[in-house]
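Visitor:
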Amino acid sequence: MLACSSSDTENQTSIPATTQAATQATTQATTQATAQATAQATAQATTQATTQTTTQATVQATNQATAQATAQATAQATTQATTQATAQATTQTTTQATVQATNQATAQATAQATTQATAQATTQTTTQATVQATNQATAQATAQATTQATTQATTQTTTQATVQATNQATAQPPLSNITILNYTKFSDDSINESLKLQESKLASRKSSIIALLFPVGVLKSEGGFSGSPFNTMEVVLTSTQIDEMLSSVEQWFEKDSCMGKDSEEAYWGRQEALSEYRTWLEGGADVASMRGVCPETRVVLVAAPPEWTLSAFHYTLLHEFYHAFQQDLETEGLCRQRSEMPNKNTVWMVEGAAHYQATWVLKELQGDTSSNYIDEILLEAYNGSQENGPIIYDNATPLAGAAALRLMIQRGLLAEQAVFDASLFHSCDRELVYNSDDADMTFIRNSWHLITKTDGSYKFSSQALQ
Ligand SMILES: [Zn+2]
Numbered sequence: 020m021l022a023c024s025s026s027d028t029e030n031q032t033s034i035p036a037t038t039q040a041a042t043q044a045t046t047q048a049t050t051q052a053t054a055q056a057t058a059q060a061t062a063q064a065t066t067q068a069t070t071q072t073t074t075q076a077t078v079q080a081t082n083q084a085t086a087q088a089t090a091q092a093t094a095q096a097t098t099q100a101t102t103q104a105t106a107q108a109t110t111q112t113t114t115q116a117t118v119q120a121t122n123q124a125t126a127q128a129t130a131q132a133t134t135q136a137t138a139q140a141t142t143q144t145t146t147q148a149t150v151q152a153t154n155q156a157t158a159q160a161t162a163q164a165t166t167q168a169t170t171q172a173t174t175q176t177t178t179q180a181t182v183q184a185t186n187q188a189t190a191q192p193p194l195s196n197i198t199i200l201n202y203t204k205f206s207d208d209s210i211n212e213s214l215k216l217q218e219s220k221l222a223s224r225k226s227s228i229i230a231l232l233f234p235v236g237v238l239k240s241e242g243g244f245s246g247s248p249f250n251t252m253e254v255v256l257t258s259t260q261i262d263e264m265l266s267s268v269e270q271w272f273e274k275d276s277c278m279g280k281d282s283e284e285a286y287w288g289r290q291e292a293l294s295e296y297r298t299w300l301e302g303g304a305d306v307a308s309m310r311g312v313c314p315e316t317r318v319v320l321v322a323a324p325p326e327w328t329l330s331a332f333h334y335t336l337l338h339e340f341y342h343a344f345q346q347d348l349e350t351e352g353l354c355r356q357r358s359e360m361p362n363k364n365t366v367w368m369v370e371g372a373a374h375y376q377a378t379w380v381l382k383e384l385q386g387d388t389s390s391n392y393i394d395e396i397l398l399e400a401y402n403g404s405q406e407n408g409p410i411i412y413d414n415a416t417p418l419a420g421a422a423a424l425r426l427m428i429q430r431g432l433l434a435e436q437a438v439f440d441a442s443l444f445h446s447c448d449r450e451l452v453y454n455s456d457d458a459d460m461t462f463i464r465n466s467w468h469l470i471t472k473t474d475g476s477y478k479f480s481s482q483a484l485q
């Protein structure tokens with residue numbers, strides 16, 4: 020069937036009453052329904068809107084709150100973390116820097132102090148200079164380094180300086196502070212060789228020594244020098260040589276710290292000594308003597324007669340120089356008082372030790388390092404006692420004294436080393452350690468000559484050793 024819309028439109032041109040009422044009812048119903056629907060929709064929409072709004076607001080608020088909280092927390096956390104990190108970093112950096120700085124300062128100060136101390140100690144020769152170098156190096160190290168660095172540098176510097184000073188002392192040229200005026204036929208080399216060997220045996224050295232070694236001729240007469248036990252010999256030196264020698268002594272005195280003092284007393288001390296030496300030189304004195312002109316200033320005089328062998332010359336030289344090396348001969352006070360007592364130890368110990376050590380050194384100088392020197396000491400003491408009797412204070416005192424020291428050694432009263440290195444004569448042990456009133460020392464004085472000859476060698480008798 021075909022649709023035909025023109026006929027429907029034509030039918031609407033005239034509306035009946037029924038239709039109108041229906042239309043009204045429809046309109047009413049529609050209006051009501053619309054109103055209801057609208058009211059419902061509005062309510063629903065409002066509820067929805069409210070719900071939506073609330074939800075949105077909540078979300079927004081939550082978001083804002085979260086954002087704020089996050090921002091705050093982040094800020095706080097960041098601040099805390101930054102502060103902590105900064106603090107840690109600063110602490111670490113400071114500690115590291117301090118350690119680095121300390122290490123650098125220590126290394127630098129030590130290196131500088133060591134270099135300076137080494138350089139100075141190497142170029143300077145006296146103990147004073149070494150002490151100065153040590154002090155300077157220590158002062159610099161203190162200024163530049165931390166306490167640790169200073170301690171290390173000081174320890175190192177001191178140790179190095181000490182080692183160097185010790186090496187230098189060992190390596191010092193021979194015969195330091197010894198001036199030799201040699202007019203004898205014996206060579207300077209042989210004199211130096213014997214004194215160098217003797218000096219090497221000593222525990223320590225203090226004195227400044229000048230030695231006048233000169234020839235004399237044949238014996239003219241016994242004695243002749245009032246107050247001095249010297250014989251008169253023919254004079255061999257010319258007056259020019261005597262003037263020359265005494266002029267050298269005068270110049271040496273003037274440079275000496277004690278004899279050369281700028282005072283009336285020192286001047287007259289020099290003149291008196293020079294005048295005495297002139298008397299001996301011009302008079303042909305057969306002198307073998309050591310003069311202690313100041314506590315640490317010594318003059319050795321040895322006249323060499325024509326018949327002397329090199330051995331005889333060396334022995335006398337070593338004997339007199341041992342006296343020059345004895346450090347306590349001018350000690351005053353109780354030492355002086357006791358050394359002036361009738362039963363004093365001083366004379367025989369001072370002379371006996373010079374003879375003992377000179378005999379020992381001479382043997383070694385001649386290539387004999389055996390104990391033959393003991394046999395020789397006892398032989399000479401035996402001969403001396405046969406000639407002069409058993410008294411220890413007489414012309415043979417050096418020989419008797421050496422035997423007495425030997426007896427002390429064998430009886431365990433004395434260490435031989437103290438005689439060899441002359442340390443027995445550092446602090447007046449001869450009177451202050453060994454009391455001459457004691458039974459031990461009385462026994463020694465009375466028994467030194469109890470020597471017997473057995474199988475060609477000389478020994479103390481059993482009576483001396485019991
Ligand atoms: Zn002597």
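Residues in the sequence shown are numbered consecutively from 20, following this note's numbering. Idealized CB from N, CA, C, for every residue including glycine.
1) Between A372 and ligand 1, is the CB less than 7 Å from at least one heavy atom?
2) What does DSSP give as the partner residue(s) for N201 in the beta ladder?
3) H333: beta carbon under 7 Å from a heavy atom of ligand 1?
4) Heavy atom of ligand 1 less than 7 Å from the Cβ of H338, yes or no?
5) If you run the structure through DSSP and keep just helix, strand and coil, what is T388?
6) With a threshold of 7 Å (Cβ to nearest heavy atom), would P248 be considered close to ligand 1?
7) By DSSP's criteria, T473 is part of a beta bridge. Which residues make up the other side?
8) For the alpha helix (DSSP H) containing C354, name the first residue and the last one.
9) How big is the Cα-Cα spacing for T185 and S195?
10) State the Cα-Cα distance for the pair L353 and L451, rounded to the nearest angstrom.
11) Which same chain residues end up closer than 7 Å to A222 when comparing Cβ atoms and leaving out the 5 residues on each side of it in sequence?
12) Over the uninterrupted alpha helix (DSSP H) stretch that includes A483, give me the two end residues.
13) V318: which of L336, H338 and A230 sits nearest, CA to CA?
14) For N402, I'd like the list of residues in its chain whose CB is within less than 8 Å of its CB, leaving aside the five on either flank, ordered along the chain.
15) For the alpha helix (DSSP H) that contains R317, what are its first and last residues?
16) How would you write the range of the beta strand (DSSP E) that M427 sits in, first residue to last?
17) For the beta strand (DSSP E) containing S267, name the first residue and the last one.
18) At a threshold of 7 Å, does P409 count as lining ligand 1 (C-beta to nearest heavy atom)?
19) Would you say the beta carbon of D417 is closer than 7 Å to some non-hydrogen atom of ligand 1?
20) Taking the beta carbon of M309 as the centre, do at least 16 other beta carbons fall within 10 Å, making it buried, or is it exposed?
21) Among the residues of its own chain, which have a CB less than 7 Å from the CB of K365, if the five just before and after it don't count?
22) What are the boundary residues of the alpha helix (DSSP H) that M460 is part of?
23) Going straight from the alpha carbon of R430 to that of V306, what length do you get?
Guide: Answer, in terms of the structure:
1) As a working note, residue 372 is residue 353 in the sequence shown. Incorrect: A372 has no Cβ contact closer than 7 Å to ligand 1.
2) Along the sequence shown, read from residue 1 onward, the residue named residue 201 stands at position 182. N201 pairs with L232.
3) To locate residue 333, count along the sequence shown from 1; it is residue 314. No, ligand 1 has no heavy atom inside 7 Å of this Cβ.
4) Here residue 338 corresponds to residue number 319 of the sequence shown, with the count starting at 1. True, at least one ligand heavy atom lies under 7 Å from that Cβ.
5) Working through the sequence shown from its first residue, we reach residue 388 at position 369. Correct three-state label for T388: coil.
6) The sequence position of residue 248 within the sequence shown is 229, counting from 1. It does not: the Cβ of P248 is nowhere closer than 7 Å to a heavy atom of ligand 1.
7) If you number the sequence shown from 1, residue 473 lands on position 454. Bridge partners of T473: S476.
8) For the purposes of this step, residue 354 is taken as the residue at position 335 of the sequence shown. Taken as a continuous stretch (DSSP letters only), the alpha helix (DSSP H) holding C354 covers L353 to R357.
9) The count along the sequence shown starts at 1 and reaches residue 185 at position 166. The count along the sequence shown starts at 1 and reaches residue 195 at position 176. Confidence in T185 is poor, its pLDDT being 47 and thus under 50, which makes the residue's placement unreliable; the coordinate value appears in the next sentence. Roughly 15 Å separates the two Cα atoms.
10) Translated into the one-based positions of the sequence shown, residue 353 becomes position 334. Translated into the one-based positions of the sequence shown, residue 451 becomes position 432. Those two C-alpha atoms are separated by around 8 Å.
11) Residue numbering aside, residue 222 sits at position 203 when the sequence shown is read from its first letter. Cβ within range, chain order: D440, A441 and S442.
12) To locate residue 483, count along the sequence shown from 1; it is residue 464. Run containing A483: S481 to L484, per the alpha helix (DSSP H) assignment.
13) Numbered from 1 along the sequence shown, position 299 holds the residue referred to as residue 318. V318 has its Cα closest to that of A230, out of L336, H338 and A230.
14) What you label residue 402 is simply residue 383 of the sequence shown in a count that begins at 1. Within the same chain, and ignoring the five residues on either side of N402 in sequence, the residues whose Cβ sits closer than 8 Å to its Cβ are L418.
15) Here the question's residue 317 lines up with position 298 in the sequence shown. Element bounds for R317: not the alpha helix (DSSP H) but the beta strand (DSSP E), T316 to A323.
16) On the sequence shown, residue 427 is found 408 positions in, with the first residue counted as 1. That residue, M427, is in no beta strand (DSSP E); its alpha helix (DSSP H) goes T416 to Q429.
17) On the sequence shown, residue 267 is found 248 positions in, with the first residue counted as 1. First-last for S267: S258 to K274, but that is the alpha helix (DSSP H), not the beta strand (DSSP E).
18) Along the sequence shown, read from residue 1 onward, the residue named residue 409 stands at position 390. In terms of side-chain proximity, the C-beta atom of P409 is found no nearer than 7 Å to any non-hydrogen atom of ligand 1.
19) As a working mapping, residue 417 is identified with position 398 in the sequence shown. Residue identity check: residue 417 is Pro in the sequence provided, not Asp. Yes - ligand 1 has a heavy atom lying nearer than 7 Å to the Cβ of P417.
20) The residue labelled residue 309 in the question sits at position 290 within the sequence shown. Burial call: buried.
21) The sequence position of residue 365 within the sequence shown is 346, counting from 1. The sequence given here places Thr at residue 365; Lys does not occur at that position. Cβ neighbours of T365 beyond the five flanking positions: S358, R449 and E450.
22) Here residue 460 is taken as the residue at index 441 of the sequence shown, counted from 1. Looking at the DSSP string, the run of the alpha helix (DSSP H) that includes M460 is A458 to S466.
23) Within the sequence shown, the letter at position 411 stands for residue 430. Within the sequence shown, the letter at position 287 stands for residue 306. Looking at the two C-alpha atoms, the distance is approximately 35 Å.
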